[in-house]
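Chains as they are written, first to last, in the working numbering: chain A, 508 to 862; chain B, 2 to 182. A virtual CB, placed ideally from N, CA and C, is assigned to each residue, including glycine. These notes concern the structure reproduced below.
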């Protein structure tokens, strides 16, 4: 007989953490839409939204209300179940990725030690890759179910783009894993807290990872699935109201998660630069340290989100053959080269060479 | 061949180096340019609160002027209609009756005065032709409308508010170019 012992406090703490992280990512995605418009405006010498609330801060709320109020149209010839499943999948996969990301070390509350991470699984990165590659189903199903040639073409483009760039991304990560020796994101962050950030060991790997992250999020210059002037808005052309909103929103959540991943993998995650965390715990306690660590992580994330927008308003969109050229002939060989060099150096180090 | 200006530059046809082919330097340069725009002065104007000043020679919607006592200046001489290259102005004259001296300045006045704003090209020749300073072009745009008929402006649309009865509206219609009274 097997007795299942469930710690109620554990379930509660995870539930609160899940709720909190989902709320945070939704709010950040919401205000990314506002920030995107502000950044775009500032870079084009305009002012951007400034009517709803102070500095236009209520603009996302107004946009949300607008999207919910709009008429919902499901095309007659579409597959209704898949048509609804598409945006739901896009949103679901976008939200699921945040489960393995460590947001801080741990806090102590009512005598319990609570890890600021939903699940510290030892295959963290693999989990993320698995979920992210599910994201392509959102695009593919949405484009197919619309029963529209342009949507289908855009979905096909999106799918092949994602597959192409996921390869290079995986290879870039493998080089990183050779150094860290662990797939768990928490371990990777702790290693970086102790030593140098991974960006100093893997600059090329980071560059490849970042470019691939842009492509995975369908952000300009790689936003070919939704190229409005070629494909009439691409895979979400037949979508209206909040279903369209979900697709657009999922993009912003993806952007947030990619930024978090880049910060975690290459920029020390929740590590506060130039500060010894053990000393900090002695002076301001565990909870204060965790809060500061979360702030450090979110500062890095905010920078990367800004960087996403910065690139979007600088670089024009690729042509599709250029995109594939860069992916297969540029990124993958570079990532392989990076992998070989990293492996070589790791081997030399293991055999007693000192640099 | 000798160059026409000193601005011509020979085209650089050298092959790009590997570093250039990666486009990273060009991308970095572009990012620098966009970021510098982040801190530049914005060209936007918060429209309803701020308005862009009109040029002193701006020619907007027509106004039929009154004199200081609120009497219509127009004597329906028809010079504006003759001067109008688009033939947008039509009018009918009438004679001033006893007791109407407070309404019209001269013995003759325009009983009907119409400008077709769809034909008008805002050239300002009517303003120049008018011997009585009765018509001039103000600082407002022609408002949009749904029907063609509503673009034919009659006297109720064109007459400036009475300076004695509605001084504020009068000043607004006159705008910053009050010297044209």
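Amino acids of chain B, ordered along the chain, whose beta-carbon sits closer than 8 Å to that of residue 551/A: Taking a Cβ-Cβ threshold of 8 Å, the residues of chain B close to residue 551/A are 38, in chain order.
List, from N- to C-terminal side, the alpha helix (DSSP H) runs of 4 residues or more that fit wholly inside the region 762-835 of chain A. Scanning the region 762-835 of chain A from its first residue to its last, the whole alpha helix (DSSP H) runs of 4-plus residues come out as 784-819 and 827-832.
Any chain B beta carbon closer than 8 Å to residue 565/A: Not an interface residue.
To which residues does DSSP link residue 64/B through a beta bridge? DSSP lists 137/B as partners of residue 64/B.
Should residue 82/B and residue 92/B be called a contact, given that it needs their Cβ atoms to be closer than 8 Å? Residue 82/B is a Cβ neighbour of residue 92/B, given a cutoff of 8 Å.
Can you tell which of 689/A, 795/A, 722/A and 532/A has its C-alpha closest to the C-alpha of residue 835/A? Residue 722/A holds the alpha-carbon nearest to the alpha-carbon of residue 835/A among 689/A, 795/A, 722/A and 532/A.
Bridge partner(s) assigned by DSSP for residue 613/A: Per DSSP, 622/A.
When we look at the beta-carbon of residue 53/B and count the other beta-carbons within 10 Å, is it buried (16 or more) or exposed? With fewer than 16 Cβ atoms within 10 Å of its Cβ, residue 53/B is classed as exposed.
Check the DSSP bridge columns for residue 117/B and list the partner residues they point to. Answer is 153/B.
Taking the alpha-carbon positions, what's the residue 10/B to residue 17/B distance? Roughly 18 Å separates the two Cα atoms.
For residue 112/B, three-class secondary structure by DSSP: In the three-state scheme derived from DSSP, where H, G and I count as helix and E and B as strand, residue 112/B is classed as strand.
Pop quiz: residue 80/B and residue 157/B are said to be a contact at Cβ under 8 Å. What is the actual Cβ separation, rounded to whole angstroms? Not really, about 23 Å apart at Cβ, beyond 8 Å.
In angstroms with no decimal places, state the Cα-to-Cα distance between residue 13/B and residue 770/A. Between residue 13/B and residue 770/A, the C-alpha separation is close to 41 Å.
Beta-carbon within less than 6 Å of residue 728/A's beta-carbon, same chain only, minus the 5 sequence neighbours each way: which residues are those? In the same chain as residue 728/A, and ignoring 5 residues on each side of it, the C-beta atoms closer than 6 Å to its own belong to 822, 824 and 825, in chain order.
Can you list, in chain order, the residues of its chain with a C-beta nearer than 7 Å to that of residue 170/B? Leave out the 5 residues immediately preceding and following it. 162.
Whole angstroms are fine: how far does the CA of residue 648/A sit from the CA of residue 656/A? In a straight line, the C-alpha of residue 656/A is about 13 Å away from that of residue 648/A.
Does the beta-carbon of residue 790/A have 16 or more other beta-carbons within 10 angstroms, so that it is buried, or is it exposed? It is exposed - the Cβ of residue 790/A has fewer than 16 other Cβ atoms within 10 Å.
Report yes if the CB atom of residue 613/A is closer than 8 Å to the CB atom of residue 623/A, and no otherwise. Yes; because the gap between Cβ atoms is below 8 Å, this pair is in contact.
Cα separation between residue 672/A and residue 639/A? Taken atom to atom, the span from the alpha-carbon of residue 672/A to that of residue 639/A is near 12 Å.
Please identify the residue among 565/A, 573/A, 775/A and 820/A whose C-alpha is closest to the C-alpha of residue 808/A. Considering only alpha carbons, the answer is 775/A.
Please check if any C-beta of chain B sits within less than 8 Å of the C-beta of residue 812/A. Not closer than 8 Å to any Cβ of chain B, the Cβ of residue 812/A fails to qualify, so no.
Check this for me: beta carbons of residue 65/B and residue 141/B, under 8 Å apart or not? No. Outside cutoff.
Per DSSP, residue 90/B forms a beta bridge with which residues? Paired residues: 116/B.
Where the alpha helix (DSSP H) containing residue 631/A begins and where it ends: It spans 631-652 - the alpha helix (DSSP H) in which residue 631/A sits, taken as one unbroken run.
Per-residue contacts from residue 822/A into chain B (C-beta, under 7 Å): Among the residues of chain B, those whose CB is under 7 Å from the CB of residue 822/A are 28 and 31, following chain order.
List the DSSP bridge partners of residue 841/A. Residue pairing from DSSP leaves residue 841/A without any beta-bridge partner.
Got a sec: is the Cβ-Cβ distance from residue 541/A to anything in chain B below 8 Å? It does not; no Cβ of chain B falls within 8 Å.
With DSSP as the reference, label residue 176/B as helix, strand or coil. Residue 176/B: coil per DSSP, three-state reduction.
Minimum Cβ-Cβ distance from residue 835/A to chain B less than 8 Å: For residue 835/A, the nearest beta carbon of chain B is not closer than 8 Å to its own beta carbon.
Using the three-state DSSP reduction, which class does residue 683/A fall into: helix, strand or coil? DSSP places residue 683/A within a helical segment (H, G or I) once states are collapsed to three.
Any 3 or more C-beta pairs closer than 8 Å across the region 630-644 of chain A and the region 785-800 of chain A: Taking a contact to require three or more Cβ pairs closer than 8 Å, the region 630-644 of chain A and the region 785-800 of chain A do not qualify as touching.
Exposed unless 16 or more other CB atoms sit within 10 angstroms - verdict on residue 139/B: Burial check for residue 139/B: the Cβ neighbour count within 10 Å reaches 16 or more, so the residue is buried.
Taking just the CA atoms, how far does residue 766/A sit from residue 597/A? For the pair residue 597/A and residue 766/A, the Cα-to-Cα distance works out to about 18 Å.
Residue 182/B in three-state terms, based on DSSP: For residue 182/B, the predicted structure reports a pLDDT of 44, less than 50, and the residue's modelled location is therefore unreliable. A value from the coordinates is still provided. Three-state DSSP puts residue 182/B in coil, outside helix and strand.
Residue 659/A bridges to which residues according to DSSP? Partner(s): none; residue 659/A has no beta bridge.
With 8 Å as the threshold, decide whether the Cβ of residue 18/B is near any Cβ in chain A. Residue 18/B does not count as touching chain A.
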